[in-house]
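Following: one structure in structure tokens, then a few remarks.
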Amino acid sequence: MAHSEEITTRHSTVEEWTRALAESVGSPGGGAGAGVMLAIAASLTSMVAGYTEADGDQQDHLQELLTRAQDLRKSALQLADDDASASRAFGAAFRLEAGSKRDAAIREASLGAARSSATLGDRAIDAIEDLRWLAENGNRALIADVVVAFGALRAAVTGARTNVSFDLATLRSAGLTLEEIREQQPALWATVERLDAGIERIDAEVAAVDHRAAPTDAL
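With positions in the sequence shown counted from 1, the corresponding number in the numbering used here is that position plus 11.
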């Protein structure tokens, strides 16, 4: 197998990519895994949409939904690879000798990683509404696939939320306090709250259809 730095989600097999993920190198890591989970959610969204029939205005909406899901699958894989690159920069910064150069490198790498995860999280949040629509209007025989897609989407949002929070906190290694970080990076700080809300929304959507997806749970 090629070295893990040569592994990409777009061009490697699942076996190659997961083997690279299992290595103790951190790239790919959890953030890239969140990107793959987003791609899985998008793929399942596309599949369910493809099995769904609609009439009139709903047909136009369904086609737009399908196009978004197909585009998201591709962009999610790119976001996973972007995160892997950010992880390599992150690791390189911490390997530098202590000093101002190291502090600056940590700051740059931490912000780059946080922004990468925030972008992934925003894309995942945007996908919630399409899955909600399919839960209500999609092929009813595939409601279990919708719930699995929600599960993958939740993993992506949770991963993004945790990574943004962690990367921001890492700025303390460059000499900043949490209050200074919040003042200097208000958009990224707000992203954590937005992703928390996204997780709550996904949980609510799944709870609303669980009686259809897993009816035996009531027995």
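Ideal placement from N, C-alpha and C gives every residue a C-beta, glycine not left out.
Kindly give me the distance between the Cβ atoms of Ala129 and Val175, rounded to whole angstroms, as I take these residues to be in contact under 8 Å. 5 Å
CA-to-CA distance, Leu88 to Gly42, given in whole angstroms: Distance between the alpha carbons of Gly42 and Leu88: 11 Å.
Presumed contact (8 Å Cβ cut-off) between Ala60 and Leu77, rounded CB distance: 4 Å
Using three-state DSSP, classify Leu107 as helix, strand or coil. In this structure, Leu107 counts as coil in the three-state DSSP scheme.
Nearest-angstrom Cα separation, counted from Ala152 out to Arg8: Since the first and last residues shown for the chain are 12 and 230, residue 8 lies out of range.
Based on Cα-Cα distance, which residue from Gly132, Ser127 and Phe101 lies nearest to Arg118? Phe101
For Gln70, count neighbouring Cβ atoms within 10 angstroms of its own Cβ and tell me buried if that reaches 16, exposed if not. The residue in question, Gln70, is exposed, as its Cβ has fewer than 16 Cβ neighbours within 10 Å.
Within its chain, find whatever has a CB closer than 6 Å to the CB of Ser121; leave out the 5 residues flanking it on each side and keep chain order. Asp178, Thr181 and Leu182
Could you say which of Glu17, Ala155, Ala171 and Thr227 lies nearest to Ala208 if we only look at CA atoms? Ala171
Determine whether the beta carbon atoms of Pro39 and Thr20 lie at a separation below 9 Å. yes
State whether the region 196-208 contacts the region 142-161, with contact taken as three or more CB pairs (one from each stretch) at a distance under 8 Å. no
How many Å lie between Asp156 and Thr63 at the Cα? 13 Å
Write down every uninterrupted run of the alpha helix (DSSP H) in the region 35-84 whose length is 4 residues or greater and which is fully enclosed by it, in chain order. 41-62
Over what stretch of residues does the alpha helix (DSSP H) that includes Glu216 continue unbroken? Pro197 to Ala224
Cβ pair Gly46, Asp92 closer than 9 Å: yes
Cβ pair Ala160, Leu55 closer than 9 Å: yes
Taking the alpha-carbon of Arg223 as reference, which of Leu142, Ala65 and Ile154 has the nearest alpha-carbon? Ile154
Note the first and the last residue of the continuous alpha helix (DSSP H) segment covering Glu26. Val25 to Ala33
Cβ distance (whole Å) where Ala31 is taken to contact Ile51 below 8 Å: Not really, about 17 Å apart at Cβ, beyond 8 Å.
Burial state of Gly186, where buried means 16 or more other Cβ atoms lie within 10 Å: So Gly186 counts as exposed.
Only counting the same chain, and skipping five residues up and downstream in sequence, which positions put a Cβ closer than 6 Å to that of Arg191? The question names Arg, but residue 191 in the sequence shown is Glu. Nothing listed; no residue qualifies.
Runs of 4 residues minimum, wholly inside the region 145-172: which ones carry the alpha helix (DSSP H) assignment? none
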